[in-house]
Amino acid sequence: MMDKGTEPRIRQPAVAGMFYPDDADALRSMVRDYLAEASAPTGEPPKAIIAPHAGLPYSGPVAATAYRTVAPLKETVRRVVLLGPSHRVPFRGLAAPDAEQLRTPLGDIPVDTDALAEIAELPDVGMLDAAHAAEHSLEVQLPFLQEVLGDFRIVPLVVGDADPDTVAAVLERLWGGPETLIVISSDLSHFHDYATANRIDEATAQAIATLHPERVDHEGACGFHPVRGLLTSARNHGLTGEVLDRRNSGDTAGPRDQVVGYGAFAFHEPEPAHG
1 MMDKGTEPRI RQPAVAGMFY PDDADALRSM VRDYLAEASA PTGEPPKAII APHAGLPYSG
61 PVAATAYRTV APLKETVRRV VLLGPSHRVP FRGLAAPDAE QLRTPLGDIP VDTDALAEIA
121 ELPDVGMLDA AHAAEHSLEV QLPFLQEVLG DFRIVPLVVG DADPDTVAAV LERLWGGPET
181 LIVISSDLSH FHDYATANRI DEATAQAIAT LHPERVDHEG ACGFHPVRGL LTSARNHGLT
241 GEVLDRRNSG DTAGPRDQVV GYGAFAFHEP EPAHG
């Protein structure tokens, strides 16, 4: 909790102006355009999603497909548990930032510091600002979350080397009810030719949709550690997985000789039994 008169500790954006526009109006317009172009959801809103985290011209159209399914939860979700892989800092476990707010050009998002305190006692959970300082995997998700949810608190965790059970234990502690949405940030395969990428990404997408964490590896998804943890938790909670969209940079904004794969996935809780 902040003392009156003290400035909040803010995690400043690291990739604004590179991965997405640093101008609020341009960013808001881009995100809204992607959401408007995304396929309309057909089922109930999800408990969890997986969305990609490249520069928005590349992965934004695919990410928007996941976030459009979340839009109906605007009045329900009050906390987002956001996990993404570490691209720059090697470490073991899961890392929280020493920040009270996360900033984007669209405004500041309050960090759920109570939730972070709740998981601090778990094995391999610690505070490591260096893991967050230049990391894009969480940051690229924030403008979408701000646009579709509006007012919420966030639990931002960068995931290093962590086994599925370690990640699942954290998710279990934070699972909550309808007020909590879980978001995993991950791209799929990297730097294969278009045909090879499609083959690898299709296999990974099916493993994710059918909740088989053991079939998701570093070749298939850069965020395989948090993805495996979510799939483990999803199994435990009886969720069902769904592939919403699967494309790559050769489909969206780049050449096809070396592509990065992107997937959007949703995970739904079972329908309540009626006695």
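Going by the numbering used here, the sequence shown opens with residue 1, and the numbers climb by one from there. Beta carbons are placed, not taken as given, at the ideal position from N, Cα and C, and that holds for glycine.
From the DSSP output, which residues share a beta bridge with residue i?
i: residue 187; result: Answer is none; residue 187 lacks a bridge partner.
i: residue 192; result: 259
i: residue 265; result: 50, 243
i: residue 96; result: 127
i: residue 199; result: Beta-bridge pairing links residue 199 to no other residue.
i: residue 208; result: DSSP lists no partner for residue 208.
i: residue 180; result: 79
i: residue 20; result: 16
i: residue 11; result: 102
Kindly indicate the opening and closing residues of the alpha helix (DSSP H) around residue i.
i: residue 172; result: 164-174
i: residue 148; result: 142-149
i: residue 28; result: 24-37
i: residue 107; result: Run containing residue 107: none in the alpha helix (DSSP H); it sits in the beta strand (DSSP E), 107-110.
i: residue 116; result: 113-119
i: residue 235; result: 224-236
Quick one: give me the first and last residue of the beta strand (DSSP E) that residue i is part of.
i: residue 245; result: 240-248
i: residue 80; result: 79-85
i: residue 156; result: 153-159
i: residue 103; result: 101-104
i: residue 72; result: First-last for residue 72: undefined, no H or E at that position.
Comparing alpha-carbon positions, which option in the options lies nearest residue i?
i: residue 93; options: 211, 215, 166, 238; result: 166
i: residue 113; options: 85, 107, 81; result: 81
i: residue 251; options: 40, 6, 62; result: 62
i: residue 24; options: 53, 108, 65, 41; result: 108
i: residue 267; options: 64, 244, 6; result: 244
i: residue 54; options: 213, 149, 137, 39; result: 137
i: residue 110; options: 142, 73, 271; result: 142
i: residue 95; options: 39, 75, 103, 119; result: 119
i: residue 160; options: 152, 102, 127, 91; result: 91
i: residue 177; options: 199, 73, 56, 150; result: 73
Are the CB atoms of residue j and residue i within a distance shorter than 9 Å?
i: residue 14; j: residue 105; result: no
i: residue 67; j: residue 191; result: no
i: residue 69; j: residue 50; result: no
i: residue 129; j: residue 97; result: yes
i: residue 170; j: residue 131; result: no
i: residue 209; j: residue 155; result: no
i: residue 242; j: residue 47; result: no
i: residue 99; j: residue 10; result: yes
i: residue 263; j: residue 186; result: yes
i: residue 86; j: residue 139; result: no
i: residue 179; j: residue 260; result: no
i: residue 157; j: residue 230; result: no
i: residue 79; j: residue 239; result: no
i: residue 65; j: residue 36; result: no
i: residue 146; j: residue 8; result: no
message: Across the region 153-172 and the region 220-230, are there enough close Cβ pairs to call them in contact, namely three or more that are closer than 8 Å?
response: With a cut-off of 8 Å, the region 220-230 and the region 153-172 count as touching, because enough Cβ pairs lie within range.
- prompt: Should the region 26-40 be called in touch with the region 203-218, which here means at least 3 C-beta pairs below 8 Å?
  reply: Short answer: they don't touch.
- request: Specify whether the region 185-201 and the region 254-262 touch according to this definition: at least 3 beta carbon pairs, one from each stretch, less than 8 Å apart.
  value: yes
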